[in-house]
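A quick write-up on the structure given underneath.
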Amino acid sequence: LKQREGVAPSPPLQSPILQGSRGQWELRVMDKDEKVPQYKTIKRLQKNYLVRCNESLKNIIPGTGVKPVSHIRRIEHEIKQKRTELGQLTEEELLVQMDHTSQKKVKNAQELSQKKQELQERIKQLEKQLLELELL
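Each residue of the sequence shown is one higher than the one before, counting from 264 in my numbering.
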């Protein structure tokens with residue numbers, strides 16, 4: 264940055280300065296009143312971006328930090344897993360119903376139906392989350 268004649272340069276610690284070194288950028292905004300060690304003020308935004316700030320990044324940048332597309336993909340993957348588990352449970356339940364000779368099998372059938380209901384509820388919750396994320 265070049266200095267213009269007649270214009271006094273602002274002190275470097277009171278104004279934001281963007282500095283780069285080896286592809287990493289850091290934003291410096293510091294007040295003279297706050298004396299915090301430098302290593303405590305560096306936060307990572309993404310893989311190659313470092314930011315120097317005193318506050319938590321959650322207070323500065325809203326959101327969870329997870330990209331919506333990534334979150335949608337993870338939920339879709341979990342729904343797929345839960346549906347395959349549900350299919351396996353249904354298959355086991357049908358096999359137990361065909362062969363109901365002992366009391367252990369009756370208890371096992373009750374446990375399977377309970378697990379099946381829990382999986383169905385979880386799938387409904389995940390589908391609801393997926394719908395909310397897709398509408399954003």
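Beta carbons are placed, not taken as given, at the ideal position from N, Cα and C, and that holds for glycine.
For residue i, which of helix, strand or coil comes out of DSSP?
{"i": "residue 400", "result": "The question about residue 400 has no answer, for the chain in this structure spans 264 to 399."}
{"i": "residue 394", "result": "helix"}
{"i": "residue 338", "result": "helix"}
{"i": "residue 345", "result": "helix"}
{"i": "residue 386", "result": "helix"}
{"i": "residue 351", "result": "helix"}
{"i": "residue 330", "result": "coil"}
{"i": "residue 450", "result": "This structure gives no information on residue 450, because the portion of the chain shown stretches from 264 to 399."}
{"i": "residue 288", "result": "Residue confidence for residue 288 is low, a pLDDT of 49 falling below 50, so the modelled location carries little weight and cannot support an answer."}
{"i": "residue 369", "result": "helix"}
{"i": "residue 222", "result": "The structure shown does not extend to residue 222, since the chain spans only 264 to 399, so no value can be given for it."}
{"i": "residue 356", "result": "helix"}
Rounded to the nearest angstrom, how far is the Cβ of residue i from that of residue j, given a contact under 8 angstroms?
{"i": "residue 375", "j": "residue 352", "result": "6 angstroms"}
{"i": "residue 315", "j": "residue 345", "result": "So it is not a contact: roughly 43 angstroms between Cβ atoms."}
{"i": "residue 382", "j": "residue 341", "result": "Between residue 341 and residue 382 the Cβ distance is about 11 angstroms, and since that is not below 8 angstroms, they are no contact."}
Since residue i sits in a beta bridge, which residues does DSSP pair it with?
{"i": "residue 309", "result": "312"}
Under 9 angstroms, do residue i and residue j count as touching if we go by C-beta distance?
{"i": "residue 304", "j": "residue 322", "result": "no"}
{"i": "residue 393", "j": "residue 338", "result": "yes"}
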